[in-house]
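Just so we're aligned, residue 5 is where the sequence shown starts under our numbering, counting upward by one.
Below is one structure, written out as structure tokens; the observations come after it.
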Amino acid sequence: MELMTISEAARRLGYKSRSQLYRLTKDGYLHEHVHVQQHTGQRLVDIEGLREKLQCICQWRPDSVFLRRNVISKAEDS
Numbered sequence: 005m006e007l008m009t010i011s012e013a014a015r016r017l018g019y020k021s022r023s024q025l026y027r028l029t030k031d032g033y034l035h036e037h038v039h040v041q042q043h044t045g046q047r048l049v050d051i052e053g054l055r056e057k058l059q060c061i062c063q064w065r066p067d068s069v070f071l072r073r074n075v076i077s078k079a080e081d082s
């Protein structure tokens, strides 16, 4: 389990803003990935499996962060 803040998770996943992750969390789509620290109340996100979950629930578009990341990693491999 790798926990990080929503801002860090958004950066790691390639989002320009953390607002999409906050919206999905508020709407209950990411409840199994969000953990609240008891003493501070800070919400941390477990990013294991989060990319796959987001790919299932988000609408695919030509400018999707998932496609952009795959193109970048394929270019680096060649």
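Think of the CB as a built atom: it goes at the ideal place given N, C-alpha and C, for glycine as much as any other residue.
{"query": "Leu25 versus Met5: straight-line alpha-carbon distance, rounded", "result": "18 Å"}
{"query": "Assumed close pair Leu17, Arg55 - CB separation to whole angstroms, cut-off 8 Å", "result": "6 Å"}
{"query": "Beta-ladder partner(s) of His39, from DSSP", "result": "Leu48"}
{"query": "Proximity to Ile61 [Cα-Cα], best of His43, Thr29 and Asp50", "result": "Thr29"}
{"query": "Coil, strand or helix - Leu7 by DSSP", "result": "strand"}
{"query": "Lys30: first and last residue of the uninterrupted alpha helix (DSSP H) it sits in", "result": "Ser23 to Lys30"}
{"query": "Straight-line Cα distance separating Gly45 from Gln63", "result": "31 Å"}
{"query": "Continuous alpha helix (DSSP H) stretch holding Cys60: start and end", "result": "Leu54 to Ile61"}
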